[in-house]
Amino acid sequence: MPNKQVAIIGAGPAGLACAEVLSELGVYDITVYEQKPSAARKFLMAGKTGLNISHNEDLDIFISRYDHPDWLAPMIQKFHAKEIQAWMQGLAIESYVGSSGRIFPNEMKAAPLLRAWLKRLQERGVKFFYRHQVLSLQDRSLTILDLLQQQPKTIYADAIVLACGAVSWPELGSDGKWQNWLDSSVIQPFQPSNVGVLVNWSAYLQPIFGQPLKRIQAWVEDQPRQFGEMVISHYGLEGGLVYRCNRALREILRTQSSAILYLDLLPDLNQTQILQKLQQGKKQSLNTLWQKIGLDKTKIALIRDVVSKADWNDVLKMAQHIKQLAIQVQGFRPIEEAISCAGGIQLDALDENLMLKHNHLIFACGEMLDWDAPTGGYLLTACLATGRQAGIGIHQAFNATETR
Ligand SMILES: Cc1cc2nc3c(=O)[nH]c(=O)nc-3n(C[C@H](O)[C@H](O)[C@H](O)COP(=O)(O)OP(=O)(O)OC[C@H]3O[C@@H](n4cnc5c(N)ncnc54)[C@H](O)[C@@H]3O)c2cc1C
12 MPNKQVAIIG AGPAGLACAE VLSELGVYDI TVYEQKPSAA RKFLMAGKTG LNISHNEDLD
72 IFISRYDHPD WLAPMIQKFH AKEIQAWMQG LAIESYVGSS GRIFPNEMKA APLLRAWLKR
132 LQERGVKFFY RHQVLSLQDR SLTILDLLQQ QPKTIYADAI VLACGAVSWP ELGSDGKWQN
192 WLDSSVIQPF QPSNVGVLVN WSAYLQPIFG QPLKRIQAWV EDQPRQFGEM VISHYGLEGG
252 LVYRCNRALR EILRTQSSAI LYLDLLPDLN QTQILQKLQQ GKKQSLNTLW QKIGLDKTKI
312 ALIRDVVSKA DWNDVLKMAQ HIKQLAIQVQ GFRPIEEAIS CAGGIQLDAL DENLMLKHNH
372 LIFACGEMLD WDAPTGGYLL TACLATGRQA GIGIHQAFNA TETR
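Dropping the structure here:
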C-alpha cells in the first residue's frame, strides 16, 4: 500500500514538530508548504534576543501559566522542559537553565538548532516547498500558489495539518489569511498578547523614556502580584512584567475603556516602614527624601507624573501611592507588534488529537489555536507540544481506520 500523504502548512516550530513525530514513523510521505523563502522566521527572530525555549519549574506550576491549563496539560505533560532539553541534545544543541528557570540553548540563538532540525527532517524524507503559499482549503484539497512561477496548483492529501501561526509580526509569515478557510464560528478573534500597554504620560516624563523600573511588583484587580521589571516608553509600558499582566488587563479592556495597573515600587518594604522613613525625613527636599527611602530617578519621575501634586507632602498618602501606584492603561500596542496572540481556533472545535471536529483529517496546532501564555518559554513549548500531538493524532486516526 502506498504511504499516506500528509501536507503540513507552515514551517514554524509547530509544523516542524508535527513533521518530526510523523517522519520518525517512516510510513508517511510528508510535505511542508511554506510561503516564506525559508523556514521558521519567527522562531529565528525569537532567537535574536536569546531563544527562551522552555522553563524549568514544577510541572503543575508550568501548566498553570496557560489560560487553558486543563486543555493543554495532556500535551505539555508529554513534551516540556526536560523532553525539550533532551530533544535539543539529540540535535547536538546543548542547553542550560538560567537563574530564573528559563531554558536557553547554550549559544542562545535559534539558527543552529533550526539548521540541525531541518537537516534531520530532510534526511528522514520530509519534503519542503518554500515560497509556496496555500490559498485555499477545500475538504482535503489545497490550492497552492508557487510564488516564483506564479502558478497555482491543487493537491490532495490524506491528512492536512494547519500550522500557520497567528497574526503578530506578519512580515515573518504568519498573516492569518488561513482564517478565510474555516467557518468563522470556530475562530475566536485574535488579540495582542505579550505586548506593550498604552498610558497617557505627560511631556514631563520624556527624559526617562527607555528607562527601566527595576525590582517592582505589578498586578491587576485581585490577581496575584507579579515580580520583575518593566520599561517606561513614550507610549506606555513595555517588558516581561507588563506582559504577565496582559491577560488580566485584556479581560477588563473587553468591556471598559481603561484599566488600572497597580505597581508596588518598593516591594522590599511594607507600608508602615515606608511611612516611618517618610516621617523621619520630613525636613528634607522631596527628591532627597524619596531617594533615601530607595526610589531611583525613574520611580520618582513616575510618581511625579502619576500622583497629584496635592499628595506629595502627605506622608501617609505617599506611602500608599508607593505601595500601590495606580497607572491608567488605555489599551495595547498594535497586534502586529505583539510577541504572541490570544484567540484563534476555538479549543472545543478540536478533538483531543487536534483534529477539527467538522473537518475530517484536518488538524491544527501551534499559535493559531486559542490558548495564551506569558513569555518565558511557554509559547514555544506549547507550539512544540501541540505540533507533536497533531502528528500523534494523524497516526492514531489512520491506525483507527485501518483496524476498522
Ligand atoms: C520577537 C519575538 C520573540 C519571541 N521570543 C520567544 C521566546 O523567546 N520564547 C517563546 O517561547 N516564544 C517566543 N516567541 C513566540 C514564538 O516565536 C511563536 O509562538 C512561535 O513561533 C509560533 O509558532 P507556530 O509554528 O505556531 O507559528 P509561526 O512560527 O508563526 O509559523 C507559521 C508559519 O506558517 C507559514 N504560513 C502561514 N500561512 C501560510 C500559508 N497560507 N501558506 C504557506 N505558509 C503559511 C508562515 O509563513 C510561518 O512560517 C517570540 C515571538 C516574537 C515575535
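Take the numbering used here: the last position of the sequence shown gets the number 415, and nothing is skipped along the way. Beta carbons: idealized from backbone N, C-alpha and C, even for Gly.
Proximity below 7 Å, CB of residue i to CB of residue j
{"i": "Val137", "j": "Ala30", "result": "yes"}
{"i": "Ile346", "j": "Leu380", "result": "no"}
{"i": "Ala229", "j": "Leu264", "result": "no"}
{"i": "Glu45", "j": "Tyr141", "result": "yes"}
{"i": "Ile171", "j": "Ile373", "result": "yes"}
{"i": "Leu272", "j": "Val318", "result": "no"}
{"i": "Phe343", "j": "Val206", "result": "yes"}
{"i": "Ile74", "j": "Ile114", "result": "no"}
{"i": "Tyr215", "j": "Thr386", "result": "no"}
{"i": "Lys288", "j": "Ile304", "result": "yes"}
{"i": "Pro163", "j": "Leu153", "result": "no"}
{"i": "Ala50", "j": "Leu129", "result": "yes"}
{"i": "Gly58", "j": "Ala103", "result": "no"}
{"i": "Trp323", "j": "Ile311", "result": "no"}
{"i": "Ser213", "j": "Asp316", "result": "yes"}
{"i": "Gln237", "j": "Leu260", "result": "no"}
{"i": "Glu134", "j": "Asn117", "result": "no"}
{"i": "Gly187", "j": "Lys47", "result": "no"}
{"i": "Ile219", "j": "Thr309", "result": "yes"}
{"i": "Gly61", "j": "Met99", "result": "no"}
{"i": "Leu70", "j": "Tyr77", "result": "no"}
Cβ-based burial, residue i [other Cβ within 10 Å; buried from 16]
{"i": "Tyr389", "result": "buried"}
{"i": "Met241", "result": "buried"}
{"i": "Leu224", "result": "buried"}
{"i": "Val340", "result": "buried"}
{"i": "Gln161", "result": "exposed"}
{"i": "Gln96", "result": "buried"}
{"i": "Gly247", "result": "buried"}
{"i": "Lys320", "result": "exposed"}
{"i": "Ala411", "result": "exposed"}
{"i": "Leu469", "result": "With the chain represented from 12 up to 415, any question about residue 469 goes unanswered, as that position is not in the structure."}
{"i": "Ser351", "result": "buried"}
{"i": "Val38", "result": "exposed"}
{"i": "Trp406", "result": "With the sequence shown as reference, residue 406 is identified as His, and Trp is not the correct amino acid for it. His406 is buried by the Cβ-count criterion."}
{"i": "Ser34", "result": "buried"}
{"i": "Thr42", "result": "buried"}
{"i": "Tyr167", "result": "exposed"}
Per-residue DSSP class, three states only, for residue i
{"i": "Pro181", "result": "helix"}
{"i": "Pro48", "result": "coil"}
{"i": "Met119", "result": "coil"}
{"i": "Ile356", "result": "strand"}
{"i": "Phe409", "result": "helix"}
{"i": "Lys294", "result": "coil"}
{"i": "Thr154", "result": "strand"}
{"i": "His66", "result": "strand"}
{"i": "Arg135", "result": "coil"}
{"i": "Pro200", "result": "strand"}
{"i": "Ser351", "result": "strand"}
{"i": "His143", "result": "strand"}
{"i": "Glu240", "result": "strand"}
{"i": "Met379", "result": "helix"}
{"i": "Asp40", "result": "strand"}
{"i": "Arg113", "result": "strand"}
{"i": "Ala270", "result": "strand"}
{"i": "Gln341", "result": "coil"}
{"i": "Val210", "result": "coil"}
{"i": "Arg76", "result": "coil"}
{"i": "Ile104", "result": "coil"}
{"i": "Thr165", "result": "strand"}
{"i": "Ile304", "result": "coil"}
{"i": "Asp233", "result": "coil"}
6 Å Cβ shell around residue i - same chain, five flanking residues per side excluded
{"i": "Asp40", "result": "Asn14 and Gln16"}
{"i": "Ala353", "result": "Gln202, Ser204 and Asp383"}
{"i": "Leu125", "result": "Ala51"}
{"i": "Thr392", "result": "Ser65 and His91"}
{"i": "Gln282", "result": "Ala330 and Lys334"}
CB contact below 7 Å: residue i versus chain D
{"i": "Gly250", "result": "Absent from the structure: chain D. Only one protein chain is present."}
Contacts around residue i, its chain only, beta-carbon distance under 7 Å, and the 5 residues preceding and following it disregarded
{"i": "Ala174", "result": "Ile19, Ile20, Gly21, Gly23, Ala25, Gly26, Cys29, Cys376, Gly377 and Gly398"}
{"i": "Glu68", "result": "Gly112"}
{"i": "His79", "result": "Leu358 and Trp382"}
{"i": "Glu249", "result": "Gly207, Met241 and Val242"}
{"i": "Lys292", "result": "The amino acid occupying residue 292 in the given sequence is Gly; Lys does not appear at that position. Leu300 and Lys303, listed in sequence order."}
Contact set for residue i: own chain, Cβ-Cβ below 8 Å, skip 5 residues either direction
{"i": "Gly221", "result": "Val242, Ile243 and Ser244"}
{"i": "Gln290", "result": "Val326"}
beta-carbon residue i near ligand 2 non-hydrogen atom, thresh 6 Å
{"i": "Phe139", "result": "For the structure depicted, ligand 2 is absent and the ligand set comprises only ligand 1."}
I want to know whether the stretch 147-157 touches the stretch 87-105 - three or more CB-CB distances under 8 Å. No contact exists between the stretch 147-157 and the stretch 87-105.
Review point. Between the stretch 324-339 and the stretch 362-369, do at least 3 Cβ pairs fall closer than 8 Å?
Key: Counting Cβ pairs under 8 Å, fewer than three are found: no touch.
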